[in-house]
């Protein structure tokens, strides 16, 4: 074929240099130089975690082929031309195939059932490379992209035809969840033991002719770590799905004790044994991370983190393949801005909620001037039903509401805050005082009142004109804050301070959201 060679070299300063050679089509050479530019750095990163590149006496490189995809042949990866993009867009593919030089080529799976030992390992190579290049901060997001919660197990049983084996039905389990198995083993055994496990797995597999199966890998993990991982492999490798949790955290009145209940979704077939990291932020600074071990469908924990609790995060660093942590008070509070506006005054708002949890016996409402607090109880110590509503006068400024659940079984505790809703001000409108009070306006009586709402702070102009269109008085021209009920007044005088004559006048109201004119009749 008509190839051009891009030559490179990898030198780790200790072992013999590795020849790097990429054979590409002439028209793709410039783009390929960028696509493969990081191969030496990728090799250095993987050598840190997997040991020396296994074919350093030969080479490593790529041969461009037509079409898409890549294949991990020993020392020379076939690489689809569509992947040569001239930027960093194919880095994951390049390092995936490089990872296969250790896992798939040097050590390969015993049977197709165990294909995750090739593909899951190569996929995790991508994440280890990202961690090496960009730092540990990128690892949680990198693993997020490999999540799989479906019905296919990592261990393939029965094995379909090979075309189907690499179809979408199996791909996410073998590649994505397979990488998650390694990620969670790393969390379970610790950093040092994890990378010792990989080295031992390689050594023991080479002693068997470079072949390994899932049970042999489990035995290696157990021997190196001293842990019994039978249940771990059963739930994560041989069975399907992943846990989703209903979480109900309660904090004591002092703010220093935390009671939390975890319940796994009973619709799953498997009860997972898991370690859940709980990050607790304390008021005034200082975070504490606790690890809670759970091996039943539901469990409760009581902890004292050593300071007032400000907020909680579950699995903050994404070490657990979970399908979410949801709470019964997460999204239970709703607000209706319009339903009860006719009940009197300047209007009312309606808060409504429904907490579907048998442990909860009631709720308390809280309000704050911002979504960050400070929060105060709306009705003092009053406990409202766990399903209900509450109407109140519309405030003159935006206000935020949330609720906390209470339980008769846990006196002195309240749940963490629910979702927050905002009592937004209505869109700017202009409303004159009731006609029986000031329209017609009688000179010498009370001032003529102009009532209006502002949903956003901004400029407002109010002017009085006579029937000929002549400006009589500029009542106001300036900026006003957002508020539900502004009131400005006209005392029946013109711009020179003299009382106007009887007749028809027009009030012109202008703001960023509304321009309108209203008529007022002036009498003596």
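In the working numbering, the protein residues as written are 433 to 956.
All residues carry an ideal CB built from backbone N, CA and C; glycine is no exception.
Residue i (DSSP reduced to helix, strand or coil)
i	result
residue 599	coil
residue 514	helix
residue 454	strand
residue 440	strand
residue 535	strand
residue 446	coil
residue 556	helix
residue 460	helix
residue 761	coil
residue 742	strand
residue 521	helix
residue 668	helix
residue 547	coil
residue 434	coil
residue 810	coil
residue 816	strand
residue 594	helix
residue 659	coil
residue 561	helix
residue 578	coil
residue 626	helix
residue 529	helix
residue 753	coil
Supposed contact pair residue j and residue i - C-beta distance, whole angstroms, cut 8 Å
i	j	result
residue 854	residue 832	5 Å
residue 844	residue 685	5 Å
residue 532	residue 554	5 Å
residue 712	residue 720	5 Å
residue 619	residue 751	4 Å
residue 957	residue 892	The requested residue 957 does not occur in the structure, where the chain is confined to residues 433 to 956.
residue 880	residue 921	6 Å
residue 837	residue 761	5 Å
residue 682	residue 691	4 Å
residue 586	residue 605	5 Å
residue 523	residue 472	Between residue 472 and residue 523 the Cβ distance is about 13 Å, and since that is not below 8 Å, they are no contact.
residue 537	residue 496	That pair is no contact at about 20 Å.
residue 646	residue 636	That pair is no contact at about 14 Å.
residue 480	residue 564	7 Å
residue 714	residue 697	No, residue 714 and residue 697 are not in contact; Cβ-Cβ is about 30 Å, not under 8 Å.
residue 954	residue 924	7 Å
residue 613	residue 669	6 Å
Beta strand (DSSP E) segment containing residue i, residue limits
i	result
residue 909	903–912
residue 947	947–955
residue 734	730–735
residue 568	Unbroken run through residue 568: none, as it is neither H nor E.
residue 846	845–847
residue 833	831–838
Cross-strand partners of residue i (DSSP beta bridge)
i	result
residue 652	Residue 652 is not bridged to any residue.
residue 890	912
residue 896	905 and 939
residue 681	692
residue 781	824
residue 540	643
residue 493	453 and 508
residue 791	Partner(s): none; residue 791 has no beta bridge.
residue 766	784
residue 673	Note: residue 673 sits in no beta bridge, so no partner.
residue 922	880
residue 712	720 and 744
residue 502	511
residue 931	925
Extent of the continuous alpha helix (DSSP H) to which residue i belongs
i	result
residue 471	471–482
residue 719	Note, residue 719: premise wrong, no alpha helix (DSSP H); beta strand (DSSP E) at 719–726.
residue 704	That residue, residue 704, is in no alpha helix (DSSP H); it is neither H nor E in DSSP.
residue 854	Note, residue 854: premise wrong, no alpha helix (DSSP H); beta strand (DSSP E) at 853–855.
residue 615	610–621
residue 662	662–665
residue 797	Residue 797 -> not in any alpha helix (DSSP H); beta strand (DSSP E) instead, spanning 794–800.
residue 605	Unbroken run through residue 605: none, as it is neither H nor E.
Exercise. Is it a yes or a no for the stretch 481–496 touching the stretch 570–588, going by three-plus beta-carbon pairs under 8 Å?
Worked result: At 8 Å Cβ cutoff, the stretches do not touch.
Exercise. Are there three or more Cβ pairs, one per stretch, closer than 8 Å when the stretch 622–639 is compared with the stretch 587–602?
Worked result: no
Exercise. Quick check: the stretch 896–914 against the stretch 933–940, are there 3 or more CB pairs under 8 Å?
Worked result: yes
Problem set entry | Three or more C-beta pairs below 8 Å linking the stretch 455–467 and the stretch 507–523 | yes
Problem set entry | Stretch-stretch touch, CB-based, cutoff 8 Å, three pairs: the stretch 542–549 with the stretch 633–649 | yes
For this session: For the stretch 609–626 and the stretch 653–663, state whether three or more C-beta atom pairs, one from each stretch, are separated by less than 8 Å.
Result: yes
For this session: For the stretch 791–811 and the stretch 732–749, state whether three or more C-beta atom pairs, one from each stretch, are separated by less than 8 Å.
Result: no
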